[in-house]
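Trainee:
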Amino acid sequence: MSIILLIGFNLFVSSSVPLGNAATDVPSGFALMIGGKYKVDYDFISSYYSGSNYDINLYGVALGKELKLGKRISILPEIGLVNGKIVREGASEDGLSPIFLVRVAYLFTTERSALQIGFSLREVFNGQVGADFLDFGIGFRM
Amino acid sequence: MVKWAPIFLILVLALGCENSFSTRITSDYFPLKKGNKWIYNVQGENNYQIEIKVTGTESIQGDSIFLVNTGGEIKRFQREPGTASRMRELFTTCDGEKVSFGTIFEPYLLLPPIEGEKWEKEFRFNSIYHGDTIEKKFSVKIDSLINTTVILNSENYKNVYRLRRTIIEDSDSLIQYEWFAPNIGLIKKEILSDSVFWELASFAFDE
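Chains A and B are the protein sequences, given in the same order. For the first sequence, position 114 matches number 114 in this note's numbering, and the numbering has no gaps at all. For the second sequence, position 190 matches number 190 in this note's numbering, and the numbering has no gaps at all.
1. Which first and last residues belong to the beta strand (DSSP E) in which residue 86 of chain A is found?
2. Please return the same chain residues whose Cβ sits closer than 7 Å to the Cβ of residue 234 of chain B, not counting the five positions on each side in sequence.
3. Grab me the residues of residue 128 of chain B's own chain with a C-beta within less than 8 Å of its C-beta, minus the 5 sequence neighbours each way, in chain order.
4. Assuming residue 57 of chain A and residue 84 of chain A form a contact by the criterion Cβ under 8 Å, report the distance between their Cβ atoms to the nearest whole angstrom.
5. Beta carbon of residue 30 of chain B, beta carbon of residue 152 of chain B: below 8 Å?
6. Give the secondary structure of residue 28 of chain B by DSSP, where H, G and I count as helix, E and B as strand, and everything else as coil.
7. Taking all protein chains shown into account, decide if residue 79 of chain B is buried (16 or more other Cβ within 10 angstroms of its Cβ) or exposed.
8. Consult DSSP for residue 21 of chain B and reduce its assignment to one of helix, strand or coil.
9. Can you find a C-beta in chain B that's less than 8 Å from the C-beta of residue 59 of chain A?
10. On the CB-based measure, 16 or more other CB atoms within 10 Å of its CB, does residue 28 of chain B come out buried or exposed?
11. Closer than 9 Å by beta-carbon distance: list the chain A residues that pair up with residue 116 of chain B, in chain order.
12. Check for me: the beta strand (DSSP E) holding residue 58 of chain A runs from which residue to which?
13. So within the stretch 60 to 104 of chain B, which uninterrupted alpha helix (DSSP H) runs reach at least 4 residues, ignoring any that extend past its ends?
14. Is residue 70 of chain B near residue 34 of chain B, with beta carbons less than 8 Å apart?
15. List, in chain order, every chain D residue whose beta-carbon is nearer than 9 Å to that of residue 50 of chain A.
16. For residue 111 of chain B, count the other beta carbons within 10 Å of its own beta carbon; 16 or more makes it buried, fewer makes it exposed. Which is it?
17. Compile a chain-ordered list of the residues in the stretch 73 to 104 of chain B whose CB is closer than 8 Å to at least one CB of chain A.
18. Please classify residue 27 of chain A: does DSSP put it in a helix, a strand, or coil?
19. Considering residue 41 of chain B, what are the terminal residues of the beta strand (DSSP E) in which it resides?
20. Cβ of residue 115 of chain B within 8 Å of Cβ of residue 66 of chain A?
21. Check residue 110 of chain B in the structure and name its three-state DSSP category.
22. Using a Cβ-Cβ distance under 8 Å, would residue 109 of chain B count as near chain A?
23. May I ask you to report which of helix, strand or coil DSSP gives residue 50 of chain A?
24. If we cut at 8 Å on Cβ distances, does residue 106 of chain A have a partner in chain B?
25. Measuring alpha carbon to alpha carbon, tell me which residue in B:143, B:155, B:89 and B:144 is nearest residue 219 of chain B.
26. Closer than 7 Å between beta carbons: that is the criterion. Which residues of the stretch 74 to 90 of chain A meet it against chain B?
27. When you compare only the Cα positions, how much space is there between residue 182 of chain B and residue 84 of chain B?
28. Where does the unbroken beta strand (DSSP E) through residue 186 of chain B begin, and where does it stop?
29. Is the Cβ-Cβ distance between residue 89 of chain A and residue 117 of chain B less than 8 Å?
30. Rounded to whole angstroms, how far is the Cβ of residue 144 of chain B from the Cβ of residue 164 of chain B, which I believe are closer than 8 Å?
31. Using only the alpha-carbon positions, how far apart do residue 100 of chain B and residue 91 of chain B sit?
32. Can you tell me whether residue 173 of chain B is buried or exposed, with buried defined as 16 or more other CB within 10 angstroms of its CB?
33. Per DSSP, what kind of secondary structure is residue 206 of chain B in: helix, strand or coil?
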């Protein structure tokens, strides 16, 4: 069994989300991947975004499959669901949203306790405008 | 194959969802871009069509202001993150003379809209005219904001926000209900006191 704990920092990178507003970068989330040889990738998502005059909380789960590119690079496409809540001065709305996530990880070594850095691109997609997050992380393969 | 089952399950769930939430938070409910055009059927004492078109932008003190031709009247709107404001000159008329109180940025919409929110803004100005102090009062209030579905001309508009806008200028008040559709903007307006109703007939966006 191998476990990767990936502490990430989320960045909104899409100019279209939300509505072209500037984004505030906040540390958030963690990814826990379990699987003997990264057969299945699990991602527990917890994100917070502070907009110009509103806050958005997202939490959910995604599952995916690791695709190896050589010995050091892994591509982990995932799909999942998040529950989102937007809040402004006491008023709020929430709802489920599907997400698509691609995590790319680079392993410095393939040995145990190997340092790993990576990033992921997460998209809350709706067919019209996507909400994209870029997540940088660092972790260890244990 | 068994281990792929959860992924397929989530895929089906994800693709099957209506995605209303992400539509609401990621859509533009007040799309201003040069060339965008909306045509409305207006029903009231007289029935007619009115065209609203974004004709261009101008820079005022470093801010980009959208010029919106509304049936021949140029209105100025400013878009900032989370807010759309309308530039409005406040003035009054004394003995046939125009007395200006300056230009305000009237909060027009908070974006993205959130069901149940309400807000208001009041402006008060004083000016001296021939030795007399003249007061000007202007306020805008938004409430009764709900998320709904609207059918117009057999078209089904989902994730529409309806709000009530109350504008009070001195002793005059105007109450109107407005409906905004995602990535379209205003699709319907009702001014109940005057029995005037606007409905979107067509729109064209500059790609």
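The beta-carbon is built from N, C-alpha and C at its ideal position, and this holds for glycine as well.
Mentor: To lay it out plainly:
1. For residue 86 of chain A, the uninterrupted beta strand (DSSP E) segment begins and ends at 73 to 88.
2. The shown model of chain B, from 1 to 207, leaves out residue 234 of chain B, and the question about it has no answer.
3. Cβ within range, chain order: 134.
4. So it is a contact: roughly 7 Å between Cβ atoms.
5. For residue 30 of chain B and residue 152 of chain B, no; Cβs fall outside 8 Å.
6. Here residue 28 of chain B sits in coil by DSSP.
7. With 16 or more Cβ atoms within 10 Å of its Cβ, residue 79 of chain B is classed as buried.
8. Residue 21 of chain B carries a helical assignment under DSSP once its states are collapsed to helix, strand and coil.
9. Judged by the 8 Å Cβ criterion, residue 59 of chain A is not in contact with chain B.
10. By the 16-neighbour rule on beta-carbons within 10 angstroms, residue 28 of chain B is buried.
11. Ordered by position in chain A, the residues that pass the 9 Å Cβ test against residue 116 of chain B are 90, 91, 92 and 93.
12. Segment 55 to 65, the beta strand (DSSP E) holding residue 58 of chain A.
13. Runs found: none.
14. Going by C-beta atoms, residue 70 of chain B is not nearer than 8 Å to residue 34 of chain B.
15. Included in the structure are the protein chains A and B, with no chain D among them.
16. When all chains shown are included, residue 111 of chain B counts as buried.
17. Within the stretch 73 to 104 of chain B, the residues whose Cβ lies closer than 8 Å to some Cβ of chain A are 80, 81, 82 and 83, listed in chain order.
18. Any reading at residue 27 of chain A must be qualified, since the residue scores a pLDDT of 31, below 50, and its modelled position is unreliable; no value is offered.
19. Here the beta strand (DSSP E) through residue 41 of chain B covers 37 to 43.
20. Residue 115 of chain B is not a Cβ neighbour of residue 66 of chain A, given a cutoff of 8 Å.
21. The DSSP-derived three-state label of residue 110 of chain B is strand.
22. Residue 109 of chain B has a beta carbon lying at 8 Å or more from every beta carbon in chain A.
23. Strand.
24. Chain B contact via Cβ: absent.
25. The structure shown does not extend to residue 219 of chain B, since chain B is modelled only from 1 through 207, so no value can be given for it.
26. The residues in question are 79, 80, 81, 84, 86, 88 and 89.
27. Residue 182 of chain B and residue 84 of chain B: Cα-Cα distance of roughly 15 Å.
28. That run of the beta strand (DSSP E) goes 185 to 191.
29. Yes. Within cutoff.
30. Right, their Cβ atoms sit about 4 Å apart.
31. Their Cα atoms are separated by approximately 4 Å.
32. Exposed, since its Cβ has fewer than 16 Cβ neighbours within 10 Å.
33. Assigned with DSSP and collapsed to three states, residue 206 of chain B falls in coil, not helix or strand.
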